[in-house]
Amino acid sequence: MIFDKYDVIVVGGGHAGCEAAAAAANMGNRTLLITMNMNAMAAMSCNPAVGGIAKGQIVREIDALGGQMGIVADKTMIQFRMLNKSKGPAVWSPRVQSDKFEFAAEWRNVLEKTRNLEFWQDHVDSLIVDGDIIKGVHCQMGGEIYSKTVILTNGTFLNGKIFIGEKSFSGGRISESASYGITEQLVSLGFEADRMKTGTPMRIDGRSIDFSRLSEQKGDDDVTGFSYLEIEKPKQQRSCHIAYTSPEVHNILRRGFEKSPLFTGRIKGIGPRYCPSIEDKIERFADKDFHQLFVEPEGRTTVEYYLNGFSSSLPEDIQYEALRHIEGFENAKIFRPGYAIEYDFFPPNQLYHSLETHQIHGLFFAGQINGTTGYEEAAAQGLMAGINAHRLIHDLEPIVLRRDEAYIGVLIDDLITKSVDEPYRMFTSRAEYRILLRQDNADARLTEKGFDIGLATEDRLNHYRNKYEKVNELVSYLKSTNVGPDSINGLLESKGTPGIANKMRLSQILTRPQINLRDMIENVDCLKGKYDLNTESARNIIEEAEIIVKYEGYIDKEREVADKLNRLENVRLSPDFDYYALNSLTMEAREKLTKHKPQTLGQASRISGISPADISVIAIFLGR
1111 MIFDKYDVIV VGGGHAGCEA AAAAANMGNR TLLITMNMNA MAAMSCNPAV
1161 GGIAKGQIVR EIDALGGQMG IVADKTMIQF RMLNKSKGPA VWSPRVQSDK
1211 FEFAAEWRNV LEKTRNLEFW QDHVDSLIVD GDIIKGVHCQ MGGEIYSKTV
1261 ILTNGTFLNG KIFIGEKSFS GGRISESASY GITEQLVSLG FEADRMKTGT
1311 PMRIDGRSID FSRLSEQKGD DDVTGFSYLE IEKPKQQRSC HIAYTSPEVH
1361 NILRRGFEKS PLFTGRIKGI GPRYCPSIED KIERFADKDF HQLFVEPEGR
1411 TTVEYYLNGF SSSLPEDIQY EALRHIEGFE NAKIFRPGYA IEYDFFPPNQ
1461 LYHSLETHQI HGLFFAGQIN GTTGYEEAAA QGLMAGINAH RLIHDLEPIV
1511 LRRDEAYIGV LIDDLITKSV DEPYRMFTSR AEYRILLRQD NADARLTEKG
1561 FDIGLATEDR LNHYRNKYEK VNELVSYLKS TNVGPDSING LLESKGTPGI
1611 ANKMRLSQIL TRPQINLRDM IENVDCLKGK YDLNTESARN IIEEAEIIVK
1661 YEGYIDKERE VADKLNRLEN VRLSPDFDYY ALNSLTMEAR EKLTKHKPQT
1711 LGQASRISGI SPADISVIAI FLGR
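Under our numbering, the letters of the sequence shown match residues 1111 to 1734, in that order.
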């Protein structure tokens, strides 16, 4: 026996597994990360980017809690953009184009420097279970390895099968073997499993692309990044480019439909609605003559490019011919074709909100095994599973983030209470409290919680407190300082908004949509020189203060609504609650409540098919 007993074993080295292992180890648990390929830890299997709409908010929340994804992304970025800046701050979303090779290397560097964390390269083929309690895992080479908890983060590897046209073969990722045994064992123990499908586009030799015929998409001048810590950012950014398909491209692709595993029924799994393959888009949106494609560099120095929006499982000759009819790609060469992959997942209504399974005490699921898609959604689940495995070991209540507290809370609550019938992807529209869950204030929402649970460091806590001390000082100054017409009217008129006749508070003037705080600092005497607009820290303070002042009424109103609804979240429900004993409940409600095992009345209210009348019945029974 070469292994001692561990506190936490994490199975899988993807984005969920890396965050889970880092969190568990950093909180003081003896942790073992088992992966089939240590050279592929945190691999960017699909596009070389982190963040985006709603996903950027998740990464900032991971960072505020003390996770690692934001720091790694900042250190390895080759382009930064803040999406949706033309809209309100509730939907601003940071996105980083990463060097995928540096990203994986930096993640491994982070993990290898983490105390309490050990590694083992092997294939886990079964779990060690005693009754309904997890005891460890069994590996092909290492045999039995024991632990108090196990976190499964197997991604697309469980019985993974790859499809390219009429060809298919087993694999969890191209050139990497699939994982067998775990699904079959869990099903025998009473778990429900199903199949999902995802895919990826071809990789292209950038030397063969005519970029002069594409639209350039540069990064932002203000490079903010994800982490609230002051991470040194790259001095130079690489541009992405935009291309378009055409009716001719679509006609070429249609010639391969009869050999498409998607249309011939050989792929049974459900594909992602919001990131479909190019053949799926052509079929579903037959009225569209073109689709937009994003040409993304895979790294800082490599010539390899990713064609976002051109995911396909068609025969490689069809993919290649269609590619060469896209403007700018007439002479393109490819490194490898696109492919689809089908894999096992476990409907997440079999989990508690802690991500621990109902059936086996101490067993947690995180990432695509729960039916999600995306690096960010996976990492968030891994982080929370690592935190809650630690708390289970130490007999502490699990950490469950509320829907008004974090996008991570929305993500996990949606998974548990609504389950999934297609790969789940986060959007701002899924969050009913978007103006509370902004990307700029994730540190205000979660840093103290991260510190209290033992994950965020004291340095991070002090950094957060220093920032908000200055934010609050600026907000107070804006609310208490008056300015006269002579000082402000020049700016107002230059921005196309009427001047003032009498003194007015700075905060009132700032609420005008034409005015921003940067302009006021540059042009109003009482604000000039207070902040160095060239520093990232000053820009962050100014942005946060401006949002607080401009949107204070909306923020207060949304907080009031959230507080009212949170009263339902305080009404706890026992996992052993006998819903069949309540004759006033509908049979559908009894069946679904028994299956989902909600932990609070609020969670019960969000289960599909549960009516307000059903909630009233339970509330009355509980004396509410």
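Where is the CB? At the ideal position from N, CA and C, for every residue including glycine.
Source: prediction; values computed, not measured.
Original post:
Looking at the unbroken beta strand (DSSP E) that takes in ASP1454, where does it start and where does it end?
Top reply: Indexing the sequence shown from 1 puts residue 1454 at position 344. That run of the beta strand (DSSP E) goes 1449-1455.
Subject >> Identity of the residues DSSP links to GLY1309 by a beta bridge >> reply: Residue numbering aside, residue 1309 sits at position 199 when the sequence shown is read from its first letter. Looking at the DSSP output, GLY1309 shares a beta bridge with ALA1450.
Original post:
Looking only at DSSP bridge pairs, what is ASP1315 linked to?
Top reply: Counting from 1 along the sequence shown, the entry for residue 1315 is found at position 205. Answer is GLU1414.
**OP:** Check ARG1615 in the structure and name its three-state DSSP category.
**Re:** Mapped onto the sequence shown, residue 1615 falls at position 505. Correct three-state label for ARG1615: strand.
Original post:
What is the C-beta distance between ALA1432 and LEU1363, in whole angstroms, given that I count them as a contact (C-beta under 8 angstroms)?
Top reply: If you number the sequence shown from 1, residue 1432 lands on position 322. If you number the sequence shown from 1, residue 1363 lands on position 253. In this structure ALA1432 touches LEU1363 by the C-beta definition: roughly 5 angstroms separates them, less than 8 angstroms.
Original post:
Sorted by chain position, which residues of the same chain lie with C-beta nearer than 8 angstroms to ASP1315's C-beta, five sequence neighbours on each side aside?
Top reply: Reading the sequence shown from its first residue, position 205 is the one you call residue 1315. VAL1413, GLU1414, TYR1415, ALA1442, LYS1443, ILE1444 and PHE1445, listed in sequence order.
Original post:
How about the stretch 1544-1558 and the stretch 1489-1497: do they share at least three Cβ pairs that are nearer than 8 angstroms?
Top reply: Between the stretch 1544-1558 and the stretch 1489-1497, the count of C-beta pairs closer than 8 angstroms stays below three; the two stretches do not touch.
**OP:** Name the one or two DSSP bridge partners that PRO1407 has.
**Re:** Counted from its first residue, the sequence shown places residue 1407 at position 297. TYR1415.
**OP:** Name the one or two DSSP bridge partners that ILE1110 has.
**Re:** The chain is shown from 1111 up to 1734; residue 1110 falls before or after that span and cannot be answered.
Original post:
Where does TRP1230 sit, in a helix, a strand or coil, going by DSSP?
Top reply: Mapped onto the sequence shown, residue 1230 falls at position 120. It is a strand residue.
Original post:
Between which two residues does the alpha helix (DSSP H) carrying LEU1363 extend?
Top reply: Sequence index remark: in the sequence shown, residue 1363 carries index 253 (1-based). Per DSSP, LEU1363 belongs to the alpha helix (DSSP H) from 1357-1364.
**OP:** Put LEU1052 into one of helix, strand or coil per three-state DSSP.
**Re:** This structure does not reach residue 1052, given that the chain is present from 1111 up to 1734, and the question cannot be answered.
Original post:
Smallest Cα separation from LYS1660: which of LEU1627, SER1721, GLU1358 and ASP1724?
Top reply: Along the sequence shown, one-based indexing puts residue 1660 at 550. Proximity to LYS1660 across LEU1627, SER1721, GLU1358 and ASP1724 peaks at LEU1627, based on C-alpha coordinates.
Original post:
Fully enclosed by the stretch 1468-1534, which alpha helix (DSSP H) runs are 4 residues long or longer?
Top reply: For secondary structure counted as the alpha helix (DSSP H) over 4 or more consecutive residues, the stretch 1468-1534 holds these complete runs in sequence order: 1485-1503 and 1517-1528.
Subject >> For ASN1592, the nearest candidate out of PRO1623, ASP1635 and GLU1579 (CA to CA) >> reply: Residue 1592 sits at position 482 when you count from the first residue of the sequence shown. That would be ASP1635, whose Cα lies nearest to the Cα of ASN1592.
**OP:** Taking 8 angstroms as the cut-off, decide whether the C-beta atoms of LEU1506 and MET1137 are in contact.
**Re:** Position 396 of the sequence shown, counting from 1, holds the residue named residue 1506. Position 27 of the sequence shown, counting from 1, holds the residue named residue 1137. Contact: no.
Subject >> VAL1247 versus TYR1256: straight-line alpha-carbon distance, rounded >> reply: Position 137 of the sequence shown, counting from 1, holds the residue named residue 1247. Position 146 of the sequence shown, counting from 1, holds the residue named residue 1256. The straight-line gap from Cα to Cα measures roughly 6 angstroms.
Original post:
What is the DSSP secondary structure of ARG1096, reduced to helix, strand or coil?
Top reply: Not covered by the structure: residue 1096. The range shown for the chain is 1111 to 1734.
Original post:
Ends of the alpha helix (DSSP H) at GLU1254?
Top reply: Here residue 1254 refers to the residue found at position 144 of the sequence shown. Where GLU1254 is concerned, there is no enclosing alpha helix (DSSP H), although the beta strand (DSSP E) it sits in stretches over 1253-1262.
Original post:
In its own chain, which residues sit with a C-beta less than 6 angstroms from the C-beta of PRO1708, not counting the 5 before and 5 after it?
Top reply: Taking the sequence shown and counting its residues from 1, the one referred to as residue 1708 is at position 598. A distance below 6 angstroms between beta-carbons, with the five flanking residues on each side excluded, links PRO1708 to the following residues of its chain, in chain order: LEU1683 and ALA1714.
Subject >> Residues near GLU1358 in its chain [Cβ-Cβ closer than 6 angstroms; skip 5 each side] >> reply: The count along the sequence shown starts at 1 and reaches residue 1358 at position 248. Taken in chain order, the residues that qualify are HIS1435.
Subject >> Contacting residues, own chain, Cβ-Cβ under 7 angstroms from SER1718 (five flanking each side not counted) >> reply: Start at 1 with the first residue of the sequence shown, and residue 1718 comes out as number 608. So the qualifying residues of the chain are LYS1528.
Original post:
For GLU1656, does the count of other Cβ atoms within 10 angstroms reach 16, so buried, or fall short, so exposed?
Top reply: Your numbering for residue 1656 matches position 546 in the sequence shown. Flag for GLU1656 reads buried.
Subject >> Coarse secondary structure for VAL1681, derived from DSSP in three states >> reply: Residue 1681 sits at position 571 when you count from the first residue of the sequence shown. In the displayed model, VAL1681 falls within coil according to three-state DSSP, outside both helix and strand.
Original post:
Who are ASN1269's beta bridge partners in DSSP?
Top reply: By 1-based counting over the sequence shown, the position of residue 1269 is 159. Beta-bridge annotation (DSSP): ASN1269 is not paired with any residue.
**OP:** Could you tell me which residues DSSP pairs with LEU1790 in its beta bridges?
**Re:** Only positions 1111 to 1734 of the chain appear in the structure, and residue 1790 is not among them; the question remains open.
Subject >> Terminal residues of the alpha helix (DSSP H) in which LYS1577 lies >> reply: For the purposes of this step, residue 1577 is identified with residue 467 of the sequence shown, where counting begins at 1. Residue range 1568-1590 is occupied by the alpha helix (DSSP H) that includes LYS1577.
Subject >> Residue(s) in a DSSP beta bridge with GLU1286 >> reply: Taking the first residue of the sequence shown as position 1, residue 1286 is located at position 176. According to DSSP, GLU1286 bridges with ARG1283.
**OP:** Report the rounded CA-to-CA distance for LYS1378 versus LEU1692, giving the unit in angstroms.
**Re:** In the sequence shown, counting from the first residue as 1, residue 1378 sits at position 268. In the sequence shown, counting from the first residue as 1, residue 1692 sits at position 582. A straight line joining the alpha-carbon of LYS1378 with that of LEU1692 spans about 39 angstroms.
Original post:
So the beta strand (DSSP E) HIS1351 belongs to, where does it begin and stop?
Top reply: In the sequence shown, counting from the first residue as 1, residue 1351 sits at position 241. Where HIS1351 is concerned, the enclosing beta strand (DSSP E) stretches over 1350-1354.
Subject >> Whole-angstrom distance between LEU1143 and VAL1727, CA atom to CA atom >> reply: Taking the first residue of the sequence shown as 1, we reach residue 1727 at position 617. Taking the first residue of the sequence shown as 1, we reach residue 1143 at position 33. Distance between the alpha carbons of VAL1727 and LEU1143: 46 angstroms.
Original post:
Considering only the beta carbon of each residue, do ASN1139 and HIS1500 sit closer than 8 angstroms?
Top reply: Here residue 1139 refers to the residue found at position 29 when the sequence shown is read from its first residue. Here residue 1500 refers to the residue found at position 390 when the sequence shown is read from its first residue. Yes, they are a contact pair.
Subject >> Buried or exposed (CB count within 10 angstroms, at least 16 for buried), LEU1732 >> reply: Here residue 1732 is taken as the residue at index 622 of the sequence shown, counted from 1. Classification for LEU1732: exposed.
Original post:
For the candidate residues GLU1302, PRO1407 and ILE1392, whose alpha-carbon lies nearest to that of ARG1317?
Top reply: Taking the first residue of the sequence shown as position 1, residue 1317 is located at position 207. Out of GLU1302, PRO1407 and ILE1392, PRO1407 has the C-alpha closest to the C-alpha of ARG1317.
Subject >> For HIS1401, the three-state DSSP class (helix, strand or coil) >> reply: The residue given as residue 1401 occupies position 291 in the sequence shown. Coil.
Original post:
Count the other CB atoms within 10 Å of the CB of ALA1611; is the residue buried (16 or more) or exposed (fewer)?
Top reply: Your numbering for residue 1611 matches position 501 in the sequence shown. Exposed is the call here.
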